[in-house]
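Sequences listed follow chains A and B, in order.
Residue 117 is where the first sequence ends in the numbering used here, and the numbering goes up by one at each step.
Residue 292 is where the second sequence ends in the numbering used here, and the numbering goes up by one at each step.
Note that beta-carbon positions come from the ideal geometry of N, C-alpha and C, so glycine has one too.
Have a look at the structure below before the remarks.
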Amino acid sequence: NAGVMQNPRHLVRRRGQEARLRCSPMKGHSHVYWYRQLPEEGLKFMVYLQKENIIDESGMPKERFSAEFPKEGPSILRIQQVVRGDSAAYFCASSPGLVTSSYEQYFGPGTRLTVT
Amino acid sequence: KNEVEQSPQNLTAQEGEFITINCSYSVGISALHWLQQHPGGGIVSLFMLSSGKKKHGRLIATINIQEKHSSLHITASHPRDSAVYICAVPPLMNRDDKIIFGKGTRLHILP
């Protein structure tokens, strides 16, 4: 059973371009979470999705950021018109159930976005 | 005040020393997670515990739900234990399934 997969591992974008980050959860996991880690800072929650539904996006910036988890295929975190402040590591985690019900999360290796 | 506080923020120790990292939280929880972030950035879940103590190899995690405190111990520390250790809690009574992370403890074990 492969772990959580994220790609690309490293992504370089110029200011104004779009960044698309992909996350394939572990087999059998229907809950996907995205986190952002800014340089020298801790992890921060961004969004929680289940298949075809955004459950909580309270951690997402209101503009330029969007996320989806379609019925088929990976979850996508999309950042439009990237700015330098978007440079960070973006981690995806998956879980078979609610973490508030004590299901464990499994983390992907992260995508390091650099905006030049 | 942060809902999850870790101490110390940074810790340097000699190989072989016994290490303790502390986590205090202010919210009601059903379980607490300890994560390890390697120097390369990858994150590994070490423990999820809701009571008592868990042990995995040289790592031991304890939690006192009444005191809202958890500790992560490393026995016979080794340079490969050098990493950032993160405490994370999913609050109860939270309609959203959101985890709150501590800022992490950066551990450096000297050979």
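Legend entry - For Val265/B and Gln195/B, the rounded distance between their alpha carbons: The residue labelled residue 195/B in the question sits at position 14 within the second sequence. The residue labelled residue 265/B in the question sits at position 84 within the second sequence. The straight-line gap from Cα to Cα measures roughly 16 angstroms.
Inset, instruction - Establish whether the CB of Ala269/B and some CB of chain A are separated by less than 9 angstroms. - result: As a working mapping, residue 269/B is identified with position 88 in the second sequence. Yes, Ala269/B counts as interfacial toward chain A.
Inset, instruction - Going by CA-CA distance only, name the one from Gly197/B, Gln217/B, Phe199/B that's closest to Gly283/B. - result: Walking along the second sequence from the start, residue 283/B turns up at place 102. Check the Cα spacing between Gly283/B and each of Gly197/B, Gln217/B, Phe199/B: the tightest is with Gln217/B.
Legend entry - Rounded straight-line distance, which links the Cα of Phe199/B to that of Ile210/B: Taking the first residue of the second sequence as 1, we reach residue 210/B at position 29. Taking the first residue of the second sequence as 1, we reach residue 199/B at position 18. Rounded to whole angstroms, the separation of the alpha carbons of Phe199/B and Ile210/B is 28 angstroms.
Inset, instruction - Please specify which runs of the beta strand (DSSP E), each continuous and at least 3 residues long, are wholly inside the stretch 37-109 of chain A, giving them in chain order. - result: DSSP assignment within the stretch 37-109 of chain A yields the following whole beta strand (DSSP E) runs of 3 residues or more, N-terminal first: 44-51, 54-57, 66-69, 76-80, 89-96.
Inset, instruction - Enumerate, from N- to C-terminal direction, the unbroken beta strand (DSSP E) stretches of 3 or more residues contained entirely within the stretch 247-281 of chain B. - result: If we require 3 residues or more, the beta strand (DSSP E) runs fully inside the stretch 247-281 of chain B come out as 250-255, 264-270.
Inset, instruction - Check the Cβ-Cβ distances between Lys235/B and every residue of chain A, and say whether any is below 9 angstroms. - result: Position 54 of the second sequence, counted from the start, is the residue given in the question as residue 235/B. Judged by the 9 angstroms Cβ criterion, Lys235/B is not in contact with chain A.
Legend entry - Contacts that Ser188/B makes with chain A (C-beta to C-beta distance below 8 angstroms): Position 7 of the second sequence, counted from the first residue, corresponds to residue 188/B. In chain order: nothing, as chain A lies at least about 14 angstroms away.
Legend entry - Given Ile241/B as reference, the closest of Val208/B, Ser232/B, Ser252/B, Gln247/B once Cα atoms are compared: For the purposes of this step, residue 241/B is taken as residue 60 along the second sequence, with counting starting at 1. When C-alpha distances from Ile241/B are compared across Val208/B, Ser232/B, Ser252/B, Gln247/B, the shortest belongs to Ser252/B.
Inset, instruction - Just the C-alpha distance for Leu213/B and Ile267/B, rounded to the nearest angstrom, thanks. - result: As a position in the second sequence, residue 213/B is number 32, starting the count at 1. As a position in the second sequence, residue 267/B is number 86, starting the count at 1. Distance between the alpha carbons of Leu213/B and Ile267/B: 11 angstroms.
Legend entry - Touching by the beta-carbon criterion (3+ pairs, under 8 angstroms), the stretch 20-38 of chain A and the stretch 186-193 of chain B: Judged by Cβ distances under 8 angstroms, the stretch 20-38 of chain A makes no contact with the stretch 186-193 of chain B, as fewer than three pairs qualify.
Inset, instruction - Let me know the secondary structure DSSP gives Glu198/B once reduced to three states. - result: On the second sequence, position 17 is the one that residue 198/B refers to. Coil at Glu198/B, not helix or strand.
Inset, instruction - Compute the beta-carbon to beta-carbon distance between His289/B and Ser258/B, rounded to the nearest angstrom, for a pair I have assumed lies under 8 angstroms. - result: Taking the first residue of the second sequence as position 1, residue 289/B is located at position 108. Taking the first residue of the second sequence as position 1, residue 258/B is located at position 77. Their Cβ separation, rounded to whole angstroms, is 10 angstroms, which puts His289/B and Ser258/B out of contact at 8 angstroms.
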